[in-house]
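J.:
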Amino acid sequence: MENLYGNPSFSLLLFLSLHLLVVSSLYQRFSPVDNYLINCGSSDEVSVDGNNRKFMGDSVKSDSVLMCGTRTISIRDSNPDLGLSPIYHTARVFTKPSKYEFEIRDKGTHAVRIHFHQLNSAKYDVSDALFHVSVNGFLVLSNFTGYDNENARIKEYLIWVDAEKLVIGFIPSKRSKFAFVNAIEVISAPKDLIADTAQFVNGDSVENFDGLTKQALEVVYRVNVGGPKVTPFNDSLWRTWVPDEEFLKFSEGSSRVYTSGRIRYQMGGASREVCPDNVYNSARVISSSNATVPNHNITWGFDVVEGYKYLVRMHFCDIASIAIGLIYFNVHVDGHLVYKDMDLSYITNEVLSSPFYADFVVDGDSSGVLTVSVGPSSKSFPYAVDGILNGVEIMKLNNSMGSLDGEVSVEQVLKNWPRGNIGVSVALFASVCLLLTASLLMHRRRVGVKDSVAWSPLPMDISKGNLKSNNQFSCGKCCIFLFKYIVLCWLY
Ligand SMILES: *[C@@H]1O[C@H](CO)[C@@H](O)[C@H](O)[C@H]1NC(C)=O
Ligand SMILES: *[C@@H]1O[C@H](CO)[C@@H](O)[C@H](O)[C@H]1NC(C)=O
Ligand SMILES: *[C@@H]1O[C@H](CO)[C@@H](O)[C@H](O)[C@H]1NC(C)=O
Ligand SMILES: *[C@@H]1O[C@H](CO)[C@@H](O)[C@H](O)[C@H]1NC(C)=O
Ligand SMILES: *[C@@H]1O[C@H](CO)[C@@H](O)[C@H](O)[C@H]1NC(C)=O
Numbered sequence: 001m002e003n004l005y006g007n008p009s010f011s012l013l014l015f016l017s018l019h020l021l022v023v024s025s026l027y028q029r030f031s032p033v034d035n036y037l038i039n040c041g042s043s044d045e046v047s048v049d050g051n052n053r054k055f056m057g058d059s060v061k062s063d064s065v066l067m068c069g070t071r072t073i074s075i076r077d078s079n080p081d082l083g084l085s086p087i088y089h090t091a092r093v094f095t096k097p098s099k100y101e102f103e104i105r106d107k108g109t110h111a112v113r114i115h116f117h118q119l120n121s122a123k124y125d126v127s128d129a130l131f132h133v134s135v136n137g138f139l140v141l142s143n144f145t146g147y148d149n150e151n152a153r154i155k156e157y158l159i160w161v162d163a164e165k166l167v168i169g170f171i172p173s174k175r176s177k178f179a180f181v182n183a184i185e186v187i188s189a190p191k192d193l194i195a196d197t198a199q200f201v202n203g204d205s206v207e208n209f210d211g212l213t214k215q216a217l218e219v220v221y222r223v224n225v226g227g228p229k230v231t232p233f234n235d236s237l238w239r240t241w242v243p244d245e246e247f248l249k250f251s252e253g254s255s256r257v258y259t260s261g262r263i264r265y266q267m268g269g270a271s272r273e274v275c276p277d278n279v280y281n282s283a284r285v286i287s288s289s290n291a292t293v294p295n296h297n298i299t300w301g302f303d304v305v306e307g308y309k310y311l312v313r314m315h316f317c318d319i320a321s322i323a324i325g326l327i328y329f330n331v332h333v334d335g336h337l338v339y340k341d342m343d344l345s346y347i348t349n350e351v352l353s354s355p356f357y358a359d360f361v362v363d364g365d366s367s368g369v370l371t372v373s374v375g376p377s378s379k380s381f382p383y384a385v386d387g388i389l390n391g392v393e394i395m396k397l398n399n400s401m402g403s404l405d406g407e408v409s410v411e412q413v414l415k416n417w418p419r420g421n422i423g424v425s426v427a428l429f430a431s432v433c434l435l436l437t438a439s440l441l442m443h444r445r446r447v448g449v450k451d452s453v454a455w456s457p458l459p460m461d462i463s464k465g466n467l468k469s470n471n472q473f474s475c476g477k478c479c480i481f482l483f484k485y486i487v488l489c490w491l492y
């Protein structure tokens, strides 16, 4: 096959871009422009991750909120497990299609995390939860129960946002079912998180895959190879990385390595926001301790669904070699050679412990397992490292229906939802909104601006032109008076 990376112009480009390197400003915390952390079904602000992050309640303590909440219900776990994160003590329940809207100030890729945890509520039986979830027009979950024994389920998506808002919809699968959510995170991603081009593994050839940023991506696996679990507390973007043991398919002759030394992030390579030190500082290697280069790979396998494309991001950082220029190995995805004679020393401009990642797109095939391997190449040296991997991420791409979970689009789901008399309910809702708005404004004039945080952003929002919809009494417009940046209302 073509060795893409042996292509001189590609290598030259890579070399030049790395040659201009400046060691990026280290240890500067990433501070996202959009950073919404929502504790659903609660009016309380709660702290998680060692008090580093505050999730604000989605119901504000004022009678006005009840209005938008008349048909959403908040429930609280009467008897939460000791040690259960406070964001899982409450949930918001929806018996009709509903949505949250987030004002977006920073266009581009956003990380969306949606948290679900089984709640013990007298009013709602979890077995009646069955619903669909949409994010900005992509169907991300369908016929979902939210249920996973005692563990929280955290679904993460990377979504490109080109508009002024991001919309997350919750749609019960039918009238007798309900939807729920415990917490939501919407965070603008660092600009370098998703590059627009990856290498598409098409049989034994590798070609460009463009337009990656515009796909909806679901993070299915995020693995810290050779190391321990990395929690949001230790990740620059509050991600979770799990250990690799459960994914190892073949590891004979491999070993784990760890460094306590510094990870040397460089321009042109991975940044700390793309993958943190805690992932790069451990790896699994295949190495030769004598004159014979071993003749096997290390292989990991991941369950995937046929009919979707997957983005495979492999993280490399040579923390194992004793000197530069000694590491050469091959990289395979689904048994296809995708990177021949990878020369990490060259790629990183001859800096050890300098991170680099490579993105591949591959079709999920009928075997239902996606494999990645690293192993010796014909250039591998004896008495040296002959294969290394520090981390791997597997992300699912939306299909042609704009779905990540089935052959159904959001439009079809909404069209099929049994509706009542929409005209009447919209009119009714609009008039309630009008009344409410008027009374709120009067109330506000009476009590002044200072008494309630919920009101202070109002003039600012208007001056920024956020309420520019023509529809004077639209739900969103009404509810914007109730929440600072979040609108919670019915789709119908
Ligand atoms: C949900 O499941 C039902 C019954 O299996 C199926 O008919 C429907 O298409 C599914 N809906 C979605 C959105 O996947
Ligand atoms: C963060 O990482 C350090 C080691 O780098 C570890 O000792 C600590 O337990 C981790 N903290 C959490 C909350 O995961
Ligand atoms: C080299 O080491 C490997 C395992 O470490 C062993 O299986 C192999 O027999 C050794 N080769 C020689 C020539 O000693
Ligand atoms: C590594 O795996 C690939 C793909 O499965 C295979 O073609 C290759 O022969 C293997 N290399 C070694 C040294 O086992
Ligand atoms: C994902 O959705 C986008 C926008 O709807 C579409 O352009 C793209 O082709 C879809 N991706 C795939 C792999 O079908």
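Numbering follows UniProt numbering, with no gaps: position 158 of the sequence shown is 158. For glycine and all other residues, C-beta sits at the position ideal for the given N, C-alpha and C.
Quick check: what's the CA-CA separation for residue 163 versus residue 103?
T.: Near 9 angstroms, if we compare the C-alpha coordinates of residue 103 and residue 163.
J.: Go ahead and label residue 320 buried or exposed: buried means 16 or more other beta carbons lie within 10 angstroms of its beta carbon, across all protein chains shown.
T.: Buried: at least 16 other Cβ atoms inside 10 Å.
J.: Assign residue 299 to buried or exposed, taking buried as 16 or more other Cβ atoms, counted over all protein chains shown, within 10 Å of its Cβ.
T.: Per the 10 Å Cβ criterion, buried.
J.: Where does residue 381 sit, in a helix, a strand or coil, going by DSSP?
T.: In the structure shown, residue 381 sits in coil (DSSP, three-state: anything other than H, G, I, E or B).
J.: Look up residue 231 in the DSSP assignment and say whether it is helix, strand or coil.
T.: Of the three classes helix, strand and coil, the one that applies to residue 231 here is coil, per DSSP.
J.: Taking any heavy atom of ligand 2 as the mark, which residues have a C-beta closer than 6 angstroms to it, listed down the chain?
T.: In chain order, the hits are 231, 233, 234 and 278.
J.: Ignoring anything shorter than 4 residues, give me the alpha helix (DSSP H) runs that lie fully in the stretch 244 to 294, in order along the chain.
T.: Segments of the alpha helix (DSSP H) lying fully in the stretch 244 to 294: 277 to 280.
J.: Could you give the distance in angstroms between the alpha-carbon of residue 265 and the alpha-carbon of residue 234?
T.: Cα to Cα, residue 265 sits roughly 17 angstroms from residue 234.
J.: Give me the Cβ distance between residue 55 and residue 87, rounded to the nearest whole Å; I'm assuming they're in contact under 8 angstroms.
T.: Going by Cβ atoms, the distance from residue 55 to residue 87 rounds to 5 angstroms, so yes, they are a contact pair.
J.: Between residue 14 and residue 199, what straight-line distance do the alpha-carbon atoms span, to the nearest angstrom?
T.: Unreliable positioning characterises residue 14 in this predicted model, as indicated by a pLDDT of 41, which lies under 50. The coordinate reading is nonetheless provided below. Computed Cα separation, rounded: 15 angstroms.
J.: Rounded to whole angstroms, how far is the Cβ of residue 166 from the Cβ of residue 186, which I believe are closer than 8 angstroms?
T.: Yes, they are in contact, since the Cβ atoms of residue 166 and residue 186 sit about 6 angstroms apart, within 8 angstroms.
J.: Compare the C-alpha of residue 398 against each of 248, 272 and 215 and name the closest.
T.: That would be 215, whose Cα lies nearest to the Cα of residue 398.
J.: Quick check: what's the CA-CA separation for residue 392 versus residue 254?
T.: Taking the straight line joining both Cα atoms gives about 17 angstroms.
J.: Can you tell which of 379, 413 and 111 has the C-alpha that lies nearest to the C-alpha of residue 497?
T.: Lying before the first or after the last residue shown, residue 497 is absent from the chain, which here runs from 1 to 492.
J.: At a cut-off of 7 angstroms, is residue 380 close to ligand 3 when judged by its beta-carbon and the heavy atoms of the ligand?
T.: Outside the cutoff, so no.
J.: What's the gap between the Cα of residue 116 and the Cα of residue 146?
T.: Distance between the alpha carbons of residue 116 and residue 146 is about 6 angstroms.
J.: Using the beta-carbon count (16 or more within 10 Å), is residue 79 buried or exposed?
T.: By the 10 Å Cβ count, residue 79 comes out exposed.
J.: Assuming residue 357 and residue 343 form a contact by the criterion Cβ under 8 angstroms, report the distance between their Cβ atoms to the nearest whole angstrom.
T.: Wrong, their Cβ atoms sit about 15 angstroms apart, outside the cutoff.
J.: Can you tell me whether residue 310 is buried or exposed? The criterion is at least 16 other CB atoms within 10 Å of its CB, across all chains shown.
T.: Buried, because 16 or more other Cβ atoms sit within 10 Å of the Cβ of residue 310.
J.: Just the C-alpha distance for residue 38 and residue 30, rounded to the nearest angstrom, thanks.
T.: Cα to Cα, residue 38 sits roughly 19 angstroms from residue 30.
J.: Could you pull out every residue in the same chain whose Cβ sits closer than 6 angstroms to the Cβ of residue 350, ignoring the five residues on either side in sequence?
T.: Once the five neighbours on either side are set aside, the close Cβ partners of residue 350 are 324.
J.: Are residue 278 and residue 376 close, meaning C-beta to C-beta below 8 angstroms?
T.: No, the pair does not count as a contact, with Cβ atoms beyond the cut-off.
J.: I'd like the list of long-range same chain contacts for residue 203, defined as Cβ closer than 8 angstroms, with 5 residues on each side in sequence excluded.
T.: Hits under 8 angstroms: 336.
J.: State the Cα-Cα distance for the pair residue 93 and residue 289, rounded to the nearest angstrom.
T.: If you take the alpha carbons of residue 93 and residue 289, they lie about 59 angstroms apart.
J.: Residue 240 by DSSP, collapsed to three states: which one?
T.: Three-state result, residue 240: coil.
J.: Taking residue 366 as the reference, give the member of 412, 403, 341 and 305 with the closest Cα.
T.: Nearest of 412, 403, 341 and 305 to residue 366, Cα basis: 305.
J.: Does ligand 3 have a heavy atom nearer than 7 angstroms to the CB of residue 291?
T.: Yes.
J.: With distances taken Cα to Cα, identify the nearest neighbour of residue 155 among 134, 172 and 334.
T.: Cα-wise, what sits closest to residue 155 is 134.
J.: Report yes if the C-beta of residue 398 is less than 7 angstroms from at least one heavy atom of ligand 1; otherwise report no.
T.: Incorrect: residue 398 has no Cβ contact closer than 7 angstroms to ligand 1.
J.: Is residue 375 near ligand 4, with its Cβ less than 7 angstroms from a heavy atom?
T.: Answer for residue 375: yes, Cβ within range of ligand 4.
J.: Excluding sequence positions up to five away, which residues of its chain have a Cβ less than 6 angstroms from the Cβ of residue 209?
T.: If we look at residue 209 and ignore the five residues flanking it on each side, its Cβ neighbours are 198, 200 and 361.
J.: Please state whether DSSP places residue 194 in a helix, a strand or coil.
T.: Coil.
J.: Which residue from 372, 412 and 322 puts its Cα closest to that of residue 312?
T.: Residue 372 is the option with its Cα nearest to residue 312.
J.: For residue 68, which of helix, strand or coil comes out of DSSP?
T.: Low confidence applies to residue 68: its pLDDT is 39, below 50, so where it sits in the model is not reliable, and the reading given next is rough at best. In the structure shown, residue 68 sits in a helix (DSSP, three-state: H, G or I).
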